[in-house]
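Protein sequences, first through last, are from chains A and B.
Just so we're on the same page, the working numbering is the position in the first sequence counted from 1, plus 118.
Just so we're on the same page, the working numbering is the position in the second sequence counted from 1, plus 1001.
Since the structure comes first, as structure tokens, the remarks are kept for the end.
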Amino acid sequence: MHAEVAGGAREEVRSVWNDELEIHVQVAGSGPPLVFLHAAGGLRWGEFLDRLAESYTVYAPQLPGTHPSDQHAIHKVETFADLLLMYEELVHALGVAGAPVIGESFGGMIAADLSAHFPSLFSKLVLLAPAGLWLDDHPPRVFELTAAKPEEVPAYLFANPDSDVAKAFFALPEDPELIPGIVAALVWAQGCSGKFLWPFPDQGGAKRLHRVTAPTLIVFGSEDRVMPAVYGEEYARRIAGSRLEIIEDCGHIPHVEELERTLELVSSFLSA
Amino acid sequence: MKVLYCGQAAYRYLPSDFAQRYDSVVTTPYLDLVEGPKIYESLHSHVEELLLAARSGFDGVMVTEHSQTSYDLSPNPNLIASILAHTTQVEQLDTAITVLGRSLGKSREPLRIAEEYAMLDALSGGRLIAGLPVGLSYDANQNGGIPPIETRARYREGRALLEKAWSATEPFAWNGKYSRYPIVNIWPRPLQQPHPPFWIPGSGSPGTLSEILGHDEVFTYLSHFGPKLTGPRIFNRFWDMAEEMGRDRNPYRLAFMQVVCVGESDAEAERLYGEHIQTHFRNSFGSVPQSGFSLPGYTDIRGVEAILKDHGDMGIAGRLREISFRELVDTRAAIVGGPETVREQIAEFVKEFRIGNLLVMLHGGSMPHELARYNIGLFASEVLPHLQGIWDDEDWDHHWWPTGIGAQTPEGSAAAV
């Protein structure tokens, strides 16, 4: 059963960038606010967010260009620096400044650099297999992943690509008429994210991470084949007081492949 | 009809299992596959074949740009074009020099392209055809490092800069998104006024065709995907759109590339060329990974959805790595035969689809230099003269042909200025 690509209980829209751009935000849950920044393939509202929504009101913005209402909005975001400012404006427009933020992969790169640019924007920072750093000896394989054949992708993203949870992740809808639209949206989301990840998933964040003051949790799968787990150590080294957790036998998407363990780590960190 | 010789500088000495083991672009291991003297021989033969074509009466010669590519050793085709420009000038050959072309979507120095094309046009006495491709995705995005989603926007800005650099009456500042030059005042400028003709390669998507027709430029269809399958769709789309947009049916607005091999007879041609043509397709486009034609963001989301719903424009693309000679011939990806067969098949095709500019590829892949010379010679004597008269009866002007042609003087062209 294919998970809803973007499936919050309701949608909010905020105007940013001197009213040049609208950003759509999927919202669900009850309790204190929490911000979630999705990965390069676009927002997928799965069980991780549903479970968090039991204790928090989850706000999940959709990267400009990845919402069906305006797929060309990405062309209004010229640089990564502009994207960070737009997101900062969005957080204030939503009234959620001071909430914790969780970012996965590309979303983690954004969350980390937002926390570096605006140290008091978020109360806590959770990074799930974040992109954003570059080590010559352990190059991320984001580039290869983008060019990979569809049948090769599960092995990039999951430690156990044949598991039920991996198969469910890649399942396509029963109705073949729906497939071109879904695949095209996924490819386009990668294209939009790619504006900031290509040719390297590195926008110079390393220079700025010393500015992060929010308590930080970094989670990596030990078998991450896109962002090797060594990047966890690198992030931990650069963010003072941060905590690194490596989940064994887990790939690039800990909150899907190892949902319970990830939830346990994240929930206890957030409530501490 | 104008008939141009299209040359690509393949490395001619790849192993027979190349297509099974390697991709032909980006990651192809140079040191494992290449020997120095054979690189020299491949490039040198390529130049000699282009010159032979010019000396044998072809209306034009053409080169293309590919970086990090085993089937076209041509990161900057302008280097080869300059040899052709000078040599044909000295030998007083009235040949169009076609660069198809430097990629404005890939380049981080778009002004350099404007400057190089200007140099070529000047060196050739105004015989340049300026090809302006967007750039293949693997080349612009993987080799060039350009984010796929920016490729077209960079192309458009680069084109605007090139056109302004060639036409502005005073030095100007260019504070663009993708390139910034405080003072633009290029020396030299092209001889041809207002500019050399623009030929635009494309895959035939509706968006690209509409832009090309809107600007009144030549749509150049470089197909490797079996024109019998893809041609009717693309060409009918082109002429339908031309009519909708109020453009006339002048065949010279359309250019098409065709691989051709001529022998004494059909059987002899198959014997001589069969193996080489098969390896040519398998080892070149056949070994470009599918993703390389459109990395995420390179094609607009509407285009991606359209292709997923209907693969028809892609023809034999998915099978090229293992394609057989027979299927290449059946889909007309290659025309292989004796002179009469070749004349007939080409004439039928170009007349049906109103093609006014034919780009013939007479060398491919492993074909040895001597065989290429034979092919060029036989084509030039037995086929070329029969094709060049096509469209004479319809009395169209060719608005997209270099104005330096037909203006040769011993000192070089003054007429185009």
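Yeah, the Cβ is synthetic: ideal placement off N, Cα and C, and Gly gets one too.
Three-state secondary structure assigned by DSSP to residue i
i                       : result
residue 1199 of chain B : strand
residue 129 of chain A  : strand
residue 1403 of chain B : coil
residue 1079 of chain B : helix
residue 1233 of chain B : helix
residue 1284 of chain B : helix
residue 1259 of chain B : strand
residue 1448 of chain B : Nothing can be reported for residue 1448 of chain B: it is not among the residues displayed for chain B, which extend from 1002 to 1418.
residue 1220 of chain B : strand
residue 1178 of chain B : coil
residue 312 of chain A  : helix
residue 271 of chain A  : helix
residue 1252 of chain B : helix
residue 357 of chain A  : coil
residue 365 of chain A  : strand
residue 339 of chain A  : strand
residue 1386 of chain B : helix
residue 334 of chain A  : strand
residue 134 of chain A  : strand
residue 1207 of chain B : helix
residue 348 of chain A  : helix
residue 264 of chain A  : helix
Cβ neighbours of residue i in the same chain (closer than 7 angstroms, five flanking residues each side left out)
i                       : result
residue 208 of chain A  : 132, 134, 141, 179
residue 73 of chain A   : Residue 73 of chain A is absent from the model: chain A starts at 119 and stops at 390.
residue 1141 of chain B : 1104, 1106, 1107, 1147, 1152
residue 1189 of chain B : 1119, 1120, 1123
residue 252 of chain A  : 318, 320
residue 297 of chain A  : 290, 291
residue 1116 of chain B : 1187
residue 1354 of chain B : 1232, 1236
Given residue i as reference, the closest of the options once Cα atoms are compared
i                       : options                        : result
residue 1278 of chain B : B/1338, B/1236, B/1290         : B/1338
residue 319 of chain A  : A/308, A/329, A/328            : A/308
residue 387 of chain A  : A/329, A/351, A/244, A/193     : A/244
residue 1333 of chain B : B/1262, B/1280, B/1051, B/1402 : B/1262
residue 1236 of chain B : B/1221, B/1246, B/1058, B/1225 : B/1221
residue 1132 of chain B : B/1154, B/1077, B/1324         : B/1077
residue 1149 of chain B : A/311, A/332, A/348            : A/311
residue 1109 of chain B : B/1181, B/1098, B/1084         : B/1181
residue 1100 of chain B : B/1328, B/1191, B/1007, B/1139 : B/1007
residue 1266 of chain B : B/1376, B/1303, B/1170, B/1296 : B/1376
residue 1169 of chain B : B/1057, B/1336, B/1176, B/1185 : B/1185
residue 1227 of chain B : B/1013, B/1331, B/1088         : B/1331
Where residue i meets chain C, residues with beta-carbon distance less than 7 angstroms
i                       : result
residue 1310 of chain B : In the structure shown, chain C does not exist; the protein chains are A and B.
Beta-carbon proximity list for residue i, same chain, < 8 angstroms, skipping 5 on both sides
i                       : result
residue 1002 of chain B : 1252, 1351, 1356, 1357, 1358, 1359, 1388, 1389, 1390, 1391, 1392
residue 1384 of chain B : 1261, 1263, 1340, 1343, 1344, 1347
Residues sharing a beta bridge with residue i, DSSP
i                       : result
residue 144 of chain A  : A/129, A/178
residue 371 of chain A  : Per DSSP, none; premise fails for residue 371 of chain A.
residue 219 of chain A  : A/153, A/243
residue 1099 of chain B : B/1063, B/1130
residue 996 of chain B  : Limits of chain B in this structure are 1002 at one end and 1418 at the other, which puts residue 996 of chain B out of reach.
residue 1107 of chain B : BP columns for residue 1107 of chain B are empty, so no partner.
residue 1360 of chain B : B/1005, B/1258
residue 1335 of chain B : B/1260
residue 139 of chain A  : A/134
Per-residue burial, residue i [other beta carbons within 10 Å of its own, 16 or more giving buried]
i                       : result
residue 1399 of chain B : buried
residue 1144 of chain B : buried
residue 1125 of chain B : buried
residue 1031 of chain B : exposed
residue 1071 of chain B : buried
residue 1306 of chain B : buried
residue 1079 of chain B : buried
residue 1092 of chain B : exposed
residue 1274 of chain B : buried
residue 1284 of chain B : buried
residue 1368 of chain B : buried
residue 200 of chain A  : exposed
residue 231 of chain A  : buried
Neighbourhood of residue i by C-beta distance below 6 angstroms, restricted to the same chain and skipping five residues each side
i                       : result
residue 1159 of chain B : 1105, 1111
residue 353 of chain A  : 336
residue 1010 of chain B : 1044, 1047, 1073, 1074, 1075
residue 1134 of chain B : 1102, 1104, 1202
residue 183 of chain A  : 189, 191, 192, 310
residue 256 of chain A  : 346, 348
residue 338 of chain A  : 247, 347, 350, 364
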